[in-house]
Structure formats: C-alpha cells, structure tokens
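The block underneath contains the structure these notes are about, expressed in structure tokens.
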Amino acid sequence: MPPVLVMARLTVQESSRRRLLLALLILTLIVVGVSAWGFNKITTVTRSDGTPLPPEQVSLITSQLLIVVTFMFSGVLALSAAVVAGPLISGEVESGLLLAMLARPVRRSEVVIGKWLGLAALVTLYAAGAGGLELAAVDWATGYLPPHPVELLAFVAADGLVLLSLGMLLSTRLSGITAGVIALVAWLMAWIAGVVGDIGTGLQNQALENVGVVSHLLLPADGLWRGAIYAMEPDTLIAAMRALGTAGRANPFAAIEPPPTEFLVWVVFWFAAVLTLSVWSFRTREI
Amino acid sequence: MAELAEKTEAASPPGEAAGTPAVKTVELTKRFGHTVALAGLSMTVPRGEVFGFLGPNGAGKTTAVKLLLGLLKPTSGQGSLLGRPIGDLRTRRRIGYLPELFRYQAWLSAAEVLALHCELAPLPRSSWKDEIKTALETVGLTDRVNDRVGTFSKGMQQRLGLGAALLGEPELVFLDEPTSALDPVGRHDVREIIRGLASRGSAVFLNSHLLSEVEQVCDRVAVVDHGRVIASGTMDELLGGTAVRVRVSGLTQADKNRLSQYGRIDDEGDQITFANLDAERVPELVATIVSMGGRVYEVAPRHQTLEDRFLQLLEDEEKA
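Heads up: the protein sequence lines correspond to chains H and S, in order.
Residue numbers are given in the numbering used here: position 4 of the first sequence equals residue -10, and the series is strictly consecutive.
Residue numbers are given in the numbering used here: position 152 of the second sequence equals residue 161, and the series is strictly consecutive.
See below:
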C-alpha cells in the first residue's frame, strides 16, 4: 500500500481504536431518536378548533425546524473536525510519534495528504451516515423530506471538510490546542460575517454586503451552509421569500438562491490551495 | 524557508556505492537563530563500525542525527549516508533509527507497530512475519506481541523502538540514547544487539552520554561539545594514557594545586586521580608529594577510562 494510503488508514484506525467512532455512533443514535420523537410531535399539534394541522403547514414547520437541527449538526461536525484536526500533525511532532516514521522513505506530503484523506473520509461518511439517518427519521416522523437531500448532505460534509482542512493547515505549525481554537473562532467569525452580509443585503449597504462576500472567499464554511439551507427549503417557502425582495434575503437561516457555480469552483480551488499550503508548511518545518 | 531535503528515488541502484563510508559529513552546520547547535561537523564513519558520538547534554548530538536523517535542514555543509546525499528517500530503506524521543502508536499492538514499519520501510510482505518475530525476540518482547503499546512501560517502548530500527537488516542504524529508559539488564541486551549488528556488517551510529556503554561497544568515537567535535579516533587512540589514583593525606589545597603540573586532577579528598600521567613519572610524583609533607598510602596506575578522557577533554575545551 502506498505511504499516503497507509497514513490515511492509520488515521481512520486511530479514530476507531480510540473509540471516537463508537462515541459518535452512540451520540448520533440518541440525537436522531430524540429528534424523531420531537418531529413526530409536530404531527400531533392541533389548531384552536381541535383539527389537525394541514400537511402543507406540517411540512413548513418541519422544514424550518430541520434547518435549525441541521445548523446544530453542521456546527457539531465542524467543531469535531476542528478539534480532531488541530493536533493532527503538531501532536505527533511534539510527542515524537512522527520521528521514526519520517526516517522511513516517506515524503512529508504523503503524511499530510494521507492524514487529510483519512479524516476527510471519516467526516464525509459521518455526515452522510448521520445526516441520512436524521433525514430518514424526519421522513418517518412527519412524512417530510427536503427537496434536495443529497445536495444537503454534500454541503454539510463540505462544511466539515473546510474546518478539517483549516485545522490541519494550522496544525503543521501551531500546537494542537491553538490550531483547534483558531479554526473554531475562524468558523464562528465567518458565520457572523455571513450574517453581517445578510444585514447589508437587507439594508442595501454594499460595504456590509462585501463583508459577507469576502468571508465566503476566505473561509467558505458559511457559503456552504447557505447551500445546505437552500437544499432544505420547500419551493413554496423560496417563492414567498423571493416575493419579499431584499428583506427576504436578510436571514442567516434562509437562502433564496443556490450557491453560484463560481463559488463552488472557488471552493474546489480553496481546498487545493489549503492542502498545497499545508504540504509546503510541513515540508519546511524542522522536526 | 527552504524546503527540507526530500530527494527523489531516482538513480540509486541497490548495493550502489558499497565502498563509500556509512556516514560522511563535511562542515555540517546548524544554527537555530543565533544559537549554534552544530558547528562545522566533519567526520567519516566507515561501514561496519560501531561509532560512538559522545557529548554532554545540549552538545549537538541529536541535532547531528536529525540533520543526517533529513529531519532538520543544515544551515551549511554537506553530508551523505551510504554514499547518497542526506535526505535521499531510497537510502532510508537501508537505515534504522531509534529516536531519543521514542513514541509509538499507543492504540496499536507491538506486532502492528512493527508491521507498520515493515510497510513503510518498505519490506516485501512475505518477509514481515519473520522480520517481526525476529525483532521481537531480539528485544525481548515476544510475550507482549499482541499487547497494546499503550500498556507498555517506557523501557518496553524503547525496546519496541529498537526492534523497529532493526527491521529489514539495515546497513546503518542510528541509536539516539538507546538505553535511556532501560534497566541494567536492558542495557546489557542493547550492547549485545549492537555487537550483533556489527558482526553482521551493519554500521551503528550510537549517540550517548553513557560513557561506559560507549567504551564497551564502540570501535571509534567522536566527542562533541558546544556543537564542535573536540576529539575523535579509535578507542585505542583516544585512551592511550594512564590514569593514576593516589591515596594520600597531609596535603593542603595549595599543595594539590601545585600537583596540577602532573596533569588534570580529580580531587576527591584523600583520593586524587591524575587523569593522564605517563607511568614513568609516577616515582617523581610520589617524591613530590612526600616532599610536600604528604603521606602516601596507595598508588594505583590504571588504564585511562573513557570517562577520564571525556572529562579531561571537556575541561581542556573549557580552558580554551
């Protein structure tokens, strides 16, 4: 097996042996179970005259609640990715774990890419598995399924991968805790900057709007989150918000348009740039 | 910052440059900011020899090993391992390394750690089983083969690291303080392993400040201090002199100071050791002590130990 895949396998193996995967599995099952129960309660809500809510209203409430749940799920995924990626390189440099391995015929680029691949596989599988389970549970509880479930999961996974990549880049130079904290703060700031951009849209203030645009370019986490939101919104809701004009766009939990193709291309470039930078940073680091 | 040495694997056929030394450095220098960690290291380690690299803490021993393995980038100078420039990936297939800061995957078993190193070396998969079995037997961990490394004591982890360094019968093995966590039995085992490597024709680069250990196994030694080699040669060349221990009473401190004309003195009260004294001068020394009013109870000439020589070298260096 090529060294890059050995490093990827080792990363997955460590997560498994250290029971990270088991912990995530148990927590996910609990969260999905509880949320399914909660979503099911929506179907039992009645109007003041005692009649049940019409299916369209159940779908609308469910879609909005699902956006909030997904926001939290996405946050937990990004947080976990940052915490795990923070010490990914620096932890092993500081402990000496990499010394004996780097004396083997292994390129540092193979270490970086291998570790990223291992964690990226975990993040993607977890996002797909846990997210898919949640959607299935919501469908079972309410009969509602978001219009674009595959795109939704892809955007949520990509959001996690952004944090993973940023955490790993910082980890090539900074200690684990510093890299993890910076990645998390950057993620929160990017989200806040996205909200500022929304406010700018609402107020038709170009400068504030630009804050959102620039933050989406520097750290595309919030931009991807908007893609996830769009994938969850029913067409009727999108049409209603479009009718509101700019005011309909000034909402951090709403998206009227899907992410532009240019942005998605930028995201691919962003990943390539961050990985290249990570490899360069680690190759020039003295151990 | 320039990229660390990580050369391609091209054009390095097996057995290439067999007549070249195991290690060769020319003015290899490393600075960390204003601190000089290694100042112009020039040395040659022939193949098949056990080479002791001695020095006090912070002398630059580990820096030298890391430079040779491509983990650090030299500020200036050159070096080669087995005839290829340092950092050459293909050469690393023929090298074993036990770091001073040894740490292995706590979540893997001993056999899995060794299999990982077999894979990275890379060794043919068909040989892994025998390689792992032999390595575990050599370092005395056969009964812990399936235990997680996380349950190992520090000494056992160092043994495991030594086992990993021995995989694939390397032509050159770097051992950086290989007995720092070992008990006397473990230290004895390591000496036997080093002798075994030498008898097989492997060169061993032994970083250590345990002088007795070096004295027992090394063919050649270099003493490094403040990043510079202050002496080097075979053990015979380095330990040519005689040390003389004198048990004496009735000498004042001034008398003892005057006795320094006979060379470096290790003063332990009524026991004085002259680190390097020609045996022919012993009668003269005794006469001088008696003339000072000293009472001599015992005069014991013995071969100079590496410790005597080492301390003398450091003291000379300090004076210089």
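Where is the CB? At the ideal position from N, CA and C, for every residue including glycine.
Every value quoted in this text rests on a predicted model; they were computed, and no experiment measured them.
When the beta-carbon positions are compared, S/Val54 and S/Val35 stay at least 7 angstroms from each other. Close to S/Pro55, with beta-carbon spacing below 8 angstroms, lies no residue of chain H; the smallest spacing is near 22 angstroms. Residue pairing of S/Val59 in beta bridges, as defined by DSSP: S/Val213. One Cα belongs to S/Thr297, the other to S/Glu324, and the distance between them is close to 24 angstroms. Residues of the segment 72 to 103 of chain H with a C-beta atom less than 7 angstroms from some C-beta of chain S are Ser81, Gly82, Leu83, Leu85, Ala86, Met87, Leu88, Ala89, Arg90, Pro91, Val92, Arg93, Arg94, listed in chain order.
Straight through space, the alpha carbons of S/Glu316 and S/Val226 are spaced by roughly 15 angstroms. Short of 6 angstroms from the beta carbon of H/His134, and not among the five residues preceding or following it, lie these beta carbons of its own chain, in chain order: Ala217. Here H/Leu84 is buried. Its C-beta has 16 or more other C-beta atoms within 10 Å.
Counted as a single uninterrupted DSSP element, the stretch harbouring S/Lys70 is not any beta strand (DSSP E) but the alpha helix (DSSP H) occupying residues 70 to 77. When Cβ-Cβ separations below 7 angstroms define contact, H/Ile16 makes no contact with chain S. For S/Pro179, the nearest beta carbon of chain H is not closer than 7 angstroms to its own beta carbon. Just so you know, the alpha carbons of S/His126 and H/Ser49 end up roughly 51 angstroms apart. By the rule that beta-carbons nearer than 7 angstroms mark a contact, S/Arg101 touches chain H. Nothing from the segment 257 to 280 of chain S brings a Cβ to less than 8 angstroms from some Cβ of chain H. Using a CB distance below 9 angstroms, the part of the segment 137 to 164 of chain S facing chain H consists of Arg157, ordered along the chain. Residues Tyr271 of the same chain have their beta carbon placed closer than 8 angstroms to that of S/Arg290, with the five preceding and five following residues left out of the count. H/Val(-8) has a beta carbon lying within less than 7 angstroms of a beta carbon in chain S. The continuous beta strand (DSSP E) containing S/Met52 extends over residues 44 to 54.
Scanning chain H for C-beta atoms nearer than 7 angstroms to the C-beta of S/Pro108 yields Gly82, Leu85, Ala86, reported in chain order.
Checking the DSSP bridge columns, you'll see S/Gly88 partnered with S/Thr34.
Near chain H, meaning a CB-to-CB distance below 9 angstroms, the residues of the segment 66 to 87 of chain S are Lys75, Leu78, Gly79, Leu80, Leu81, Lys82.
Within the same chain, Cβ atoms closer than 7 angstroms to the Cβ of H/Leu65 are found at Leu170, the five residues on either side in sequence being excluded. It is roughly 22 angstroms from the alpha-carbon of H/Val79 to the alpha-carbon of S/Pro131.
Burial state of H/Val265 is buried, judged by a 10 Å Cβ sphere holding 16 or more other Cβ atoms. Chain-ordered, the chain H residues with CB closer than 8 angstroms to the CB of S/Leu129 read Pro(-11), Val(-8), Met87, Arg90, Pro91, Val92. For S/Phe283, the uninterrupted beta strand (DSSP E) run begins and ends at 280 to 283, by DSSP.
In this model, S/Val223 and S/Val308 are separated by some 28 angstroms (Cα to Cα). The residue among H/Lys101, H/Thr164, H/Val31, H/Ile185 with its C-alpha nearest the C-alpha of H/Gln(-1) is H/Lys101. With the rule of 3 Cβ pairs closer than 8 angstroms, the segment 201 to 210 of chain H counts as touching the segment 143 to 153 of chain H.
DSSP, read as helix, strand or coil, puts S/Phe111 in coil. Within the segment -2 to 10 of chain H, Gln(-1), Glu0, Ser2, Arg3, Arg4 place their CB atoms closer than 9 angstroms to a CB of chain S, listed in sequence order. Unbroken beta strand (DSSP E) stretches of 3 residues or longer found wholly inside the segment 165 to 207 of chain S: 181 to 185, given in chain order.
In this structure, DSSP gives S/Gly105 an extended state, which the three-state scheme calls strand.
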